[in-house]
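K.L.:
One structure coming up, written as structure tokens, with questions to follow.
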Amino acid sequence: MSSSSTTTTTTRLLMLKASDGVTFEVEEAVATKLGAINNMVEEEGSEDLICLPNVNGKFLGMVLEWCKKHANNNTNSDKGNDEVNKWWDKEFVMDLDQNTLYHLLMAADYLSGTELVDLLTEKVASMIRGKKVEEIRETFKIKSDFLPGQEEEIRKKNSWAFE
Amino acid sequence: MEIDHQDFMDQISDLPDHILHHIISFLSRRCAARTCILSKHWNYIWNSYPILEFPQYSIYPWRCYSSPEIRRGKFRDFIKIVDSSIKRFTPFKLRVERFYLEAGLDHDDDSMLPTMVDRWIEFAMKNGVREIGLLFDTRVTESRFYVLPETTFVTSSSSYVKYCATFHSLRKLTLARVHMSEKMMKDITRNCPEIHSLILLRCVGLKNLEISKVEKLEVVEVTPSGGIRELERVDIDAPKLRRFTFSTGFESDLPCSISLSPSHNLKVLALSECEIADDFFQMRNNLITFPLLEMLRISRCQMLRRIRMSAPRLRWFSLFACENIELIEMDAPTLSDFRLYVYRLPVLLLKNVPCRLKISYVFHSTIPADASWFLELRTFVGTLTQSTTLELKFYEDVEVSFDLQELQGAAIPPPLGVEHLILDLGLPIRTISKDQLATLIDGLLWSCHPKTISYDSCSCSKMQIMELLLEKLFNKENPECCNTFHIKCWCHYLKSAQILDSGGTKYEKLKDLEHFLDELLSPTKGFGSLHEKLLMFELEWDFGWW
Chain A
1 MSSSSTTTTT TRLLMLKASD GVTFEVEEAV ATKLGAINNM VEEEGSEDLI
51 CLPNVNGKFL GMVLEWCKKH ANNNTNSDKG NDEVNKWWDK EFVMDLDQNT
101 LYHLLMAADY LSGTELVDLL TEKVASMIRG KKVEEIRETF KIKSDFLPGQ
151 EEEIRKKNSW AFE
Chain B
1 MEIDHQDFMD QISDLPDHIL HHIISFLSRR CAARTCILSK HWNYIWNSYP
51 ILEFPQYSIY PWRCYSSPEI RRGKFRDFIK IVDSSIKRFT PFKLRVERFY
101 LEAGLDHDDD SMLPTMVDRW IEFAMKNGVR EIGLLFDTRV TESRFYVLPE
151 TTFVTSSSSY VKYCATFHSL RKLTLARVHM SEKMMKDITR NCPEIHSLIL
201 LRCVGLKNLE ISKVEKLEVV EVTPSGGIRE LERVDIDAPK LRRFTFSTGF
251 ESDLPCSISL SPSHNLKVLA LSECEIADDF FQMRNNLITF PLLEMLRISR
301 CQMLRRIRMS APRLRWFSLF ACENIELIEM DAPTLSDFRL YVYRLPVLLL
351 KNVPCRLKIS YVFHSTIPAD ASWFLELRTF VGTLTQSTTL ELKFYEDVEV
401 SFDLQELQGA AIPPPLGVEH LILDLGLPIR TISKDQLATL IDGLLWSCHP
451 KTISYDSCSC SKMQIMELLL EKLFNKENPE CCNTFHIKCW CHYLKSAQIL
501 DSGGTKYEKL KDLEHFLDEL LSPTKGFGSL HEKLLMFELE WDFGWW
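Going down the list, the protein sequences come from chains A and B. Once you know that position 61 of the first sequence is 61 in UniProt numbering, the rest is easy, because the numbers rise by one and skip nothing. Once you know that position 35 of the second sequence is 35 in UniProt numbering, the rest is easy, because the numbers rise by one and skip nothing.
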């Protein structure tokens, strides 16, 4: 620490422990992409081991993978970064199944990863966009629990949206 | 294995409310509204959605309803939609993230709208709204406005604590065609400490717009009203101001006086038709005036004579139709776009400007293009240290003459060239004779020595310019023009010329061109294709014997 050379900057390593006991060693600059971790790190006297009882190891791993890409891309030369990030984000959400999407969203939300939440919610929105009501129900396996006639009544009240 | 089972269940509906709200925020209002019949839970999600946005013309696209009767009916329906959405949202007692209303004032025959809007705003303010947008428009008369209630931003003593908390949330206020008052602006600056952006479009009721001591204000955009122009003065003191634009879309006799306290955070500054004096852009003791400024656009500011500034981050600069500009002194090492649109040639002192300059000069009927004017142009070209595109625009009838004898005894600067010259003849051909055009071309070649020439005009003048350029640049015989006195005309320095058509073909000799010209001039193919065909002349100069 005392004599960090000009070529390598010393970065603090954090240990993140998931609900199932799996631990991840990540650079502070990567982990602090998550607002919740950033807040913990900024608290004085914080320890290097952070327990995250609400996130399972599989999804924490994926969240950290996303953070790492974005942290790396941001330190590289500035131009074209947005493009790289966008391309990489597209790849990241391309083949996510709904179960993974759900857990990732819960994890990202819990860890206050604002940008990741944006990315994932937009992905869900893209699965709704342009679809008929029946198709949306089919996509997400949503069961209509309205009483007979209720749906028709609501549809009438919001008729402008169905014209 | 448990996870695999869940793959066949509806998990999306189990996401927390705020995430589901976030999801539908990516959808159009119409598409989002349709989710209300998916299930009871989704119905609840839609009713409690804290973004209350009502753009009238996307809910009811006007073009679909031709008869005024139907339009009136749809307008009433629209008001009902807004009102019932707000009524459905109210019981949840949630914060309103955004209340945005876009409505026309023309079909409000029963004058229902104002009282309803009053009520909706009161509701939004009580629910700690973060963003308000009230955008009204009218196609019938310029004098219709929505009058914002005087007490909208007033803290009433009876419910002081409650109101105080709600005003603290307002971050963005956008108003279009709204009648306000100076007192109301004071209330906003005093009672909305979090306000970050203030956008006033065609609003009335303000003679002076005074914004002072608003710590968090970053964005101010003002477009004064077109019909009644009453705004005389804008005074802004906001230390964090990042963006200020004052734009008018028309010419008016009442320029607005602008005063901005120094903000070191200023990134975007756009001013049009303002009274700003020279000290606005003066270097003070070589201090950097605008350390973060990235964009500067000034148009029709007739008081401005001098700009002297250092802007280390400036990327876009444009100065449009400021008739009295005399001097532009600028140190801008990151500039990527420099545009001038002038009626007379200013002195340019540019240091560290890495980009090509685009300068448009517009001829004015009061300033004849005579020999001394061409000398002025040649002197101006001599001061340009950057590669330059010079565009000359003829929109008015201008007297053209170019007699080098008139310049006997004058100091003639050495010939220097601009990169590209564009001749824009916006005039019908009858107002400029062929002789005048020929004289003009002689004068321009003598003062600008361009590496390339192109032209832009109606098709008949295009033909004439092209013929003249061909004649002058290719039929160059031993010039006898200037044997009698010491000032040389341009012909002496022209080494070679060639033509480049828009397809990329080059013609170096007139003979090669013949076929091309035949085609161009033939009545069957010619004139039509001439509009698209852009000819560019490439010239090579040799100033060796100056």
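The beta carbon of each residue, even a glycine, is placed where N, CA and C say it ideally should be. Treat the numbers as computed from the prediction; the structure is a model and nothing was measured.
Under 8 Å between C-beta atoms, does W160 of chain A make it to chain B?
P.N.:
yes
K.L.:
Apply the 10 Å Cβ neighbour rule to K143 of chain A and answer buried if 16 or more other Cβ atoms are within range, or exposed otherwise.
P.N.:
So K143 of chain A ends up on the exposed side.
K.L.:
Among A:F24, A:L34, A:L13, A:E163, which one has its Cα closest to the Cα of A107 of chain A?
P.N.:
A:L34
K.L.:
Is there contact between the region 126–137 of chain A and the region 62–71 of chain A, where contact requires at least three CB pairs shorter than 8 Å?
P.N.:
Counting Cβ pairs under 8 Å, fewer than three are found: no touch.
K.L.:
Is the Cβ of A125 of chain A closer than 8 Å to any Cβ of chain B?
P.N.:
True, the Cβ-Cβ gap to chain B drops below 8 Å.
K.L.:
Over what stretch of residues does the beta strand (DSSP E) that includes T245 of chain B continue unbroken?
P.N.:
243–246
K.L.:
Starting from C51 of chain A and walking both ways along the beta strand (DSSP E), at which residues does that stretch end?
P.N.:
49–51
K.L.:
In the DSSP assignment, the beta strand (DSSP E) including K393 of chain B goes from what residue to what residue?
P.N.:
First-last of the beta strand (DSSP E) with K393 of chain B: 388–394.
K.L.:
Near G382 of chain B, which residues of its chain fall below 8 Å by C-beta distance, leaving aside the five closest residues on each side in sequence?
P.N.:
P413, P414, L416
K.L.:
Using the Cα positions of I45 of chain B and I37 of chain B, report the straight-line distance between them to the nearest angstrom.
P.N.:
11 Å
K.L.:
Give the interface partners of S13 of chain B over in chain A, defined as CB-CB distance under 8 Å, in chain order.
P.N.:
F140, I142
K.L.:
Output needed for K69 of chain A: all residues of its chain with C-beta closer than 7 Å, excluding positions within five of it in sequence on either side, in chain order.
P.N.:
Here the set comprises W88.
K.L.:
Between the Cα of I128 of chain A and the Cα atoms of B:T35, B:G133, B:L175, which residue gives the shortest distance?
P.N.:
B:T35
K.L.:
Determine the contact status of I86 of chain B and T121 of chain A, defining contact as a CB-CB distance below 8 Å.
P.N.:
no
K.L.:
Taking 8 Å as the cut-off, decide whether the C-beta atoms of A371 of chain B and F363 of chain B are in contact.
P.N.:
Taking 8 Å as the Cβ cut-off, A371 of chain B and F363 of chain B do not qualify as a contacting pair.
K.L.:
Using 8 Å as the limit for Cβ to Cβ distance, is C448 of chain B near chain A?
P.N.:
no
K.L.:
Within 10 angstroms of the Cβ of H420 of chain B, are there 16 or more other Cβ atoms? Answer buried if so, exposed if not.
P.N.:
buried
K.L.:
I'd like the list of long-range same chain contacts for K17 of chain A, defined as Cβ closer than 6 Å, with 5 residues on each side in sequence excluded.
P.N.:
T23, C51
K.L.:
Take the Cβ of M180 of chain B as the centre, count every other Cβ of all protein chains shown within 10 Å, and call the residue buried at 16 or more, exposed below.
P.N.:
buried
K.L.:
In the DSSP assignment, what are the bridge partners of A497 of chain B?
P.N.:
B:L539
K.L.:
Answer with buried or exposed for L13 of chain A, where buried requires no fewer than 16 other C-beta atoms within 10 angstroms of its C-beta.
P.N.:
exposed
K.L.:
Do we get a CB-CB distance below 8 Å when we pair D109 of chain A with the residues of chain B?
P.N.:
yes
K.L.:
Measure from the C-beta of S39 of chain B to each C-beta in chain A and report whether the shortest distance is under 8 Å.
P.N.:
It does; some Cβ of chain A falls within 8 Å.
K.L.:
Below 7 Å CB to CB, which residues in the same chain sit around L335 of chain B once its five sequence neighbours on both sides are set aside?
P.N.:
L314, R315, F317, V353, P354, C355
K.L.:
I need the boundaries of the alpha helix (DSSP H) containing L357 of chain B, first residue and last residue.
P.N.:
Unbroken run through L357 of chain B is the beta strand (DSSP E), 357–362; no alpha helix (DSSP H).
K.L.:
Would you please verify whether the beta carbon of R30 of chain B is less than 8 Å from any beta carbon of chain A?
P.N.:
Yes, R30 of chain B counts as interfacial toward chain A.
K.L.:
Could you tell me whether any Cβ in chain A is nearer than 8 Å to the Cβ of C36 of chain B?
P.N.:
yes
K.L.:
Establish whether the CB of D17 of chain B and some CB of chain A are separated by less than 8 Å.
P.N.:
The Cβ of D17 of chain B sits no closer than 8 Å to any Cβ of chain A.
K.L.:
Quick one: give me the first and last residue of the beta strand (DSSP E) that A238 of chain B is part of.
P.N.:
Premise fails: A238 of chain B is in no beta strand (DSSP E) and is neither H nor E.
K.L.:
Leaving out five residues before and five after H140 of chain B in sequence, what residues of the same chain have Cβ atoms less than 7 Å from its Cβ?
P.N.:
It is worth fixing the name first, because residue 140 of chain B is Val in this sequence and not His. Here the set comprises D106.
K.L.:
Considering only C-alpha positions, which residue in the set B:E391, B:L113, B:F54, B:R98 is nearest to R72 of chain B?
P.N.:
Comparing Cα positions, the closest option is B:L113.
K.L.:
Across which residues does DSSP place R339 of chain B in a beta bridge pair?
P.N.:
B:S318, B:K358
K.L.:
Out of B:E102, B:V154, B:A321, B:L425, state which residue places its alpha-carbon closest to the alpha-carbon of K183 of chain B.
P.N.:
B:V154
K.L.:
Show which residues of chain B have a CB atom less than 8 Å away from the CB atom of N54 of chain A.
P.N.:
What N54 of chain A touches in chain B: nothing, since even the nearest Cβ is about 13 Å away.
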